[in-house]
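Some notes on the structure that comes next.
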Amino acid sequence: MPTALQQLSGHLELTALRSVLDCPLKASALREGAAVDSGTGPAWLVFLCSEHSEQLPGWPGVRTHDDHGSMPCGSVLDYRPAKHLLQSHADLWLTPLTGVDPTAYGGAWSEILDQADRALLARAEREAGGEDSPLQSMLTMMGMASRAAAEGDLEQAAVALGYCETIALSL
């Protein structure tokens with residue numbers, strides 16, 4: 001018998017698991033994103049505690065369900081293809097943080113991520129926050145994302161950007 005999570009996900013294959021919030025609480029709500037294609041399960045599921053659920057009413061979910069602490073607050077189960085994940089990262093934080101617009105590169109993710117890596121490196125040098133700064137941590141993962149995309153591995157690039165998301169949203 002399928003679990004409630006399997007039923008909610010429409011039995012889609014999980015492409016990414018990440019945490020977008022630094023919250024020690026367990027989830028009390030589960031929000032789902034609109035399906036990428038009609039007739040499929042949600043694009044993503046995010047687990048939120050009651051406080052974050054109330055603070056983020058505009059989170060682009062299409063439905064909210066009760067949850068009873070099955071995951072930590074901020075956990076995201078993503079079912080979107082890598083190109084959709086990369087575009088989501090670009091829309092949410094990469095372009096605002098780096099100024100790199102994916103449309104200027106015609107969807108060539110290796111170029112987009114290379115330019116974003118360069119922009120972050122320049123910012124880190126200007127801010128000189130030291131080895132322990134959030135930007136330094138982000139640069140490591142951005143470099144990995146850039147290299148993976150250059151090798152044609154967009155799935156790995158999306159995973160590496162997922163690690164950057166929590167840092168980016170806190171800057």
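Each residue of the sequence shown is one higher than the last, beginning at 1 in this note's numbering. Just so you know, even glycine gets a beta-carbon here, dropped at the ideal spot from N, CA and C. As the structure is a prediction and not an experimental result, all values here were calculated from the model.
The continuous stretches of alpha helix (DSSP H) do not include S75, which lies in the beta strand (DSSP E) extending over residues S75 to D78. Between A160 and A150, the gap from beta carbon to beta carbon reaches 9 Å or more.
By the 16-neighbour rule on beta-carbons within 10 angstroms, R31 is buried. For E155, the enclosing alpha helix (DSSP H) covers residues L154 to S170. Taking S110 as the centre and dropping the five residues before and after it, the same chain places the C-beta of A149 and A150 closer than 6 Å to its C-beta, in chain order. One alpha carbon belongs to G99, the other to E13, and they sit about 32 Å apart. No Cβ-Cβ contact shorter than 9 Å links Q136 with A122.
By the neighbour-count criterion, in which 16 or more other beta carbons inside 10 Å mark a residue as buried, T40 falls on the exposed side.
Counting only the Cα atoms, L86 lies some 24 Å from S53.
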